[in-house]
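These notes concern the structure reproduced below.
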Amino acid sequence: DGGITQSPKYLFRKEGQNVTLSCEQNLNHDAMYWYRQDPGQGLRLIYYSQIVNDFQKGDIAEGYSVSREKKESFPLTVTSAQKNPTAFYLCASRQAISSYEQYFGPGTRLTVT
Amino acid sequence: SQQGEEDPQALSIQEGENATMNCSYKTSINNLQWYRQNSGRGLVHLILIRSNEREKHSGRLRVTLDTSKKSSSLLITASRAADTASYFCATGNSGAGSYQLTFGKGTKLSVIP
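From first to last, the protein sequence lines are chains A and B.
Those letters in the first sequence? Residues 1 to 113, per our numbering, in order.
Those letters in the second sequence? Residues 114 to 226, per our numbering, in order.
So, in C-alpha cells, the structure goes:
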C-alpha cells in the first residue's frame, strides 16, 4: 500500500516544548515538503527537500527545523521559538524528475497550550 | 506569500448543478494545479494545466487557463454530495533548480443532496 504516512494524527503539547512530527513515504519520491494550514486558509510552505541531506527554507521557516537523512523520511520539529505553533501540518512528496503533482499525507493536527 | 486567490470563498449548490470556482494569480507560472481537500484530511491532486494550454478536461472536471488575465477556473459538472470539499488552486514555478507550489486560500464547496 503505497503512500505518505504522518503520525500522530493529533498531537498535544505544552508551550515551551519542542515536538517532532513524522512524515514517511514509500513512493520513492525525491522531493518532500512541509506545509502549515491555519483555519480557513491555504497552505504555506515551511521547508522542502529536493534530495537526501539537502533542504531549503520555505516562506515560514522561522521556529521550525527539518532533517532529510533518508529518502523516505522528512521529520519536522516545531521548536519553542515558533510563536503560534497550533495548526494543521501537511507533508507532501513529489517524483521530482517526471511529475509536478504533489502527493499529500493525512496531516497532523498540533495543539499547543 | 500566497499567490493564488480563489473566488468565491464559499459556494453552496444543489446536487446536479454545476459548480464554478475561479483562481487569480500574480506572477508568471509554469503550470497551475487544482487540489481537493475533504475536511480535516490531506489534499488530493485533481488536474494540472500547463501555461501553454487553455483548457483541460478530466471526467466531470473542466479547467481553463487564461495567462493574459492570470486566471483559471474549475468547473465541476453534475455535482454530487460527495463533491463537498474545499478546492485549492496552486501555481507552480521552477527556479534555482527547485520547484514549488503556491496555494490559494481555497473555495469551500457544499453540495446539498
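No residue lacks a Cβ here, since even glycine has one placed at the ideal position from N, Cα and C.
Using the Cα positions of residue i and residue j, report the straight-line distance between them to the nearest angstrom.
i: residue 87 of chain A; j: residue 111 of chain A; result: 7 Å
i: residue 49 of chain A; j: residue 29 of chain A; result: 11 Å
i: residue 147 of chain B; j: residue 166 of chain B; result: 15 Å
i: residue 7 of chain A; j: residue 13 of chain A; result: 14 Å
i: residue 81 of chain A; j: residue 17 of chain A; result: 9 Å
i: residue 113 of chain A; j: residue 15 of chain A; result: 6 Å
i: residue 141 of chain B; j: residue 179 of chain B; result: 11 Å
i: residue 36 of chain A; j: residue 44 of chain A; result: 5 Å
i: residue 42 of chain A; j: residue 154 of chain B; result: 13 Å
i: residue 174 of chain B; j: residue 168 of chain B; result: 11 Å
i: residue 57 of chain B; j: residue 139 of chain B; result: Residue 57 of chain B lies beyond the stretch modelled for chain B, which goes from 114 to 226, so this question has no answer here.
i: residue 213 of chain B; j: residue 23 of chain A; result: 18 Å
i: residue 135 of chain B; j: residue 185 of chain B; result: 6 Å
i: residue 63 of chain A; j: residue 99 of chain A; result: 30 Å
i: residue 83 of chain A; j: residue 19 of chain A; result: 14 Å
i: residue 187 of chain B; j: residue 176 of chain B; result: 5 Å
i: residue 9 of chain A; j: residue 109 of chain A; result: 6 Å
i: residue 202 of chain B; j: residue 85 of chain A; result: 25 Å
i: residue 164 of chain B; j: residue 137 of chain B; result: 14 Å
i: residue 182 of chain B; j: residue 170 of chain B; result: 20 Å
i: residue 11 of chain A; j: residue 78 of chain A; result: 12 Å
For residue i and residue j, which I take to be in contact (beta-carbon distance under 8 Å), what is that distance rounded to the nearest angstrom?
i: residue 72 of chain A; j: residue 25 of chain A; result: 6 Å
i: residue 106 of chain A; j: residue 21 of chain A; result: Going by Cβ atoms, the distance from residue 106 of chain A to residue 21 of chain A rounds to 12 Å, so no, they are not a contact pair.
i: residue 221 of chain B; j: residue 123 of chain B; result: 5 Å
i: residue 128 of chain B; j: residue 193 of chain B; result: 6 Å
In chain order, what residues of the same chain have a beta carbon less than 8 Å from the beta carbon of residue i, not counting five sequence neighbours either side?
i: residue 27 of chain A; result: 2, 3, 4, 93, 95 and 103
i: residue 53 of chain A; result: 68 and 69
i: residue 60 of chain A; result: 36, 44, 45 and 46
i: residue 97 of chain A; result: 30
Using the beta-carbon count (16 or more within 10 Å), is residue i buried or exposed?
i: residue 51 of chain A; result: exposed
i: residue 205 of chain B; result: buried
i: residue 119 of chain B; result: buried
i: residue 39 of chain A; result: exposed
i: residue 117 of chain B; result: buried
i: residue 207 of chain B; result: exposed
i: residue 33 of chain A; result: buried
i: residue 189 of chain B; result: buried
i: residue 121 of chain B; result: exposed
Please tell me whether residue i has its Cβ less than 7 Å away from any Cβ of chain D.
i: residue 170 of chain B; result: Looking at the structure shown, chain D is missing, and the protein chains on hand are A and B.
Tell me which same chain residues have a C-beta within less than 6 Å of the C-beta of residue i, skipping the five on either side of it?
i: residue 149 of chain B; result: 157, 159, 198 and 200
i: residue 56 of chain A; result: 48
i: residue 66 of chain A; result: 47, 55 and 76
Less than 7 Å between C-beta atoms, sequence neighbours within five positions excluded: which residues of the same chain meet that for residue i?
i: residue 115 of chain B; result: Legend: pLDDT at residue 115 of chain B = 49, less than 50; position of this residue unreliable, no value from coordinates given.
i: residue 90 of chain A; result: 35, 37, 43, 104, 105 and 107
i: residue 58 of chain A; result: 45, 46, 47 and 48
i: residue 80 of chain B; result: Absent from the model: residue 80 of chain B. The displayed extent of chain B is 114 to 226, so no value can be given.
i: residue 161 of chain B; result: 144 and 146
i: residue 226 of chain B; result: 128 and 194
Handout entry: beta strand (DSSP E) segments (min. 3 residues) lying fully within the stretch 156-201 of chain B
Key = Here the runs fully enclosed are 156-163, 168-171, 174-179 and 184-189.
Handout entry: Segments of 3+ residues assigned as beta strand (DSSP E) that fall wholly inside the stretch 18-59 of chain A
Key = Complete beta strand (DSSP E) runs here, min 3: 19-25, 31-37 and 43-49.
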